[in-house]
Amino acid sequence: MIPVRSPKNYNRCKTSNGVKTVTKKAPVILIAAGPTREKIDPVRFISNYSTGKFGYALAGEAIRRGARVTLVSGPTCLEAPQGVKLICVESAIEMRRAMLSELNRADYVIMSAAVSDWRLKKVSSRKIKRSSCKVTLELVENPDILSEICARKAGRVVAGFALETENLETNALKKLLGKNADIIVANALKRRSAVFGDNNTDIVIIDRLGNKVRARNRPKKEMAGIILDKILSFNI
Ligand code: C5P
1156 MIPVRSPKNY
1166 NRCKTSNGVK
1176 TVTKKAPVIL
1186 IAAGPTREKI
1196 DPVRFISNYS
1206 TGKFGYALAG
1216 EAIRRGARVT
1226 LVSGPTCLEA
1236 PQGVKLICVE
1246 SAIEMRRAML
1256 SELNRADYVI
1266 MSAAVSDWRL
1276 KKVSSRKIKR
1286 SSCKVTLELV
1296 ENPDILSEIC
1306 ARKAGRVVAG
1316 FALETENLET
1326 NALKKLLGKN
1336 ADIIVANALK
1346 RRSAVFGDNN
1356 TDIVIIDRLG
1366 NKVRARNRPK
1376 KEMAGIILDK
1386 ILSFNI
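Sequential numbering of the sequence shown, starting at 1156, is according to our numbering.
Here it is in structure tokens:
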């Protein structure tokens, strides 16, 4: 059973004898998944190794539980689970725009995307030619989408992810507090393949009250269930 968080999530109907009835609508879970791509020129980009598997597994599990799911996805090779509202984006700026425009309809937000921290200051409109002179790419910081969403939380439960190469729990907790999220899912990067694209993974879920749930070496699909259990039962 998925809890319904706000009055906008109730259907008001009139029966034939004029009696008003109120039924619960399924909650809306807004999920960001996959990498972002930041253009260098018409044929090149900066990105990362994210495959989107975790976010898509969360979307599939949320649908299976009867939620309404909006999936804002960076470029992936995955097929979106049936029944999701899929919004495809490429860059961090596009992802930010889509997430903020869907935020009002959401009861829960899961920011599982690997957003590129930087983008090119100036994207070349022509393919940059290889030449003898050095090419320098000037980067500017991308907006932190999770922080912006948390600044507009208004009663929603917001979860982020933290991929760390060292001091997993300390760094994840710092991220949780720094971004003002409710929950952070910490993922240790030991070998690249153990996180990106792999089916099995280890996680620690930390909430802002300091509670921790650990799960080791389980498929991402099963982890998605554990994460949703935590998010959907979190009381603000
Ligand atoms: O700071 P870091 O990138 O490690 O934080 C990870 C969390 O922040 C993830 O939930 C990720 O989706 C989110 N994030 C974001 N916008 C960025 C960078 C990360 O929303 N520009």
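Note that the Cβ used here is the ideal one computed from N, Cα and C, for glycine as well.
Should residue 1316 be listed as close to ligand 1, given that the test is whether its C-beta is under 8 Å from any heavy atom?
yes
Would you check whether ligand 1 has a heavy atom nearer than 8 Å to the C-beta of residue 1253?
no
Check residue 1263 in the structure and name its three-state DSSP category.
strand
Which residues does DSSP list as the beta-bridge partners of residue 1190?
1269
Is there contact here, the segment 1280-1294 with the segment 1186-1197, by at least three beta-carbon pairs under 8 Å?
yes
I think residue 1185 touches residue 1264, with their Cβ atoms under 8 Å apart; what is that distance to the nearest whole Å?
5 Å
Would you kindly report the start and end of the unbroken beta strand (DSSP E) that includes residue 1246?
Here residue 1246 belongs to no beta strand (DSSP E), and DSSP marks it neither H nor E.
In three-state terms, what does DSSP make of residue 1299?
coil
Measure the C-alpha to C-alpha separation of residue 1371 and residue 1250 and round it to an integer number of angstroms.
30 Å
Inter-residue Cα distance where the pair is residue 1218 and residue 1357
23 Å
Buried or exposed for residue 1267, please, with buried defined as at least 16 other CB atoms from any protein chain shown within 10 angstroms of its CB.
buried
Is residue 1228 near ligand 1, with its Cβ less than 8 Å from a heavy atom?
no
Please name the residue in 1340, 1260, 1246 whose C-alpha comes closest to that of residue 1180.
1260
The alpha helix (DSSP H) spanning residue 1291 covers which residue range?
From DSSP, residue 1291 is part of no alpha helix (DSSP H); its letter is neither H nor E.
May I ask you to verify whether the segment 1226-1234 touches the segment 1199-1206, counting CB pairs closer than 8 Å and requiring at least 3?
yes
Closer than 8 Å to a non-hydrogen atom of ligand 1 - does that hold for the CB of residue 1275?
no
For residue 1216, I'd like the list of residues in its chain whose CB is within less than 8 Å of its CB, leaving aside the five on either flank, ordered along the chain.
1376, 1379, 1380, 1383
Specify whether the segment 1278-1285 and the segment 1252-1259 touch according to this definition: at least 3 beta carbon pairs, one from each stretch, less than 8 Å apart.
no
Inter-residue Cα distance where the pair is residue 1335 and residue 1277:
31 Å
Which whole-angstrom value describes the C-beta separation of residue 1269 and residue 1190, a residue pair presumed to lie in contact below a C-beta threshold of 8 Å?
5 Å
In this structure, does DSSP put residue 1334 in helix, strand or coil?
helix
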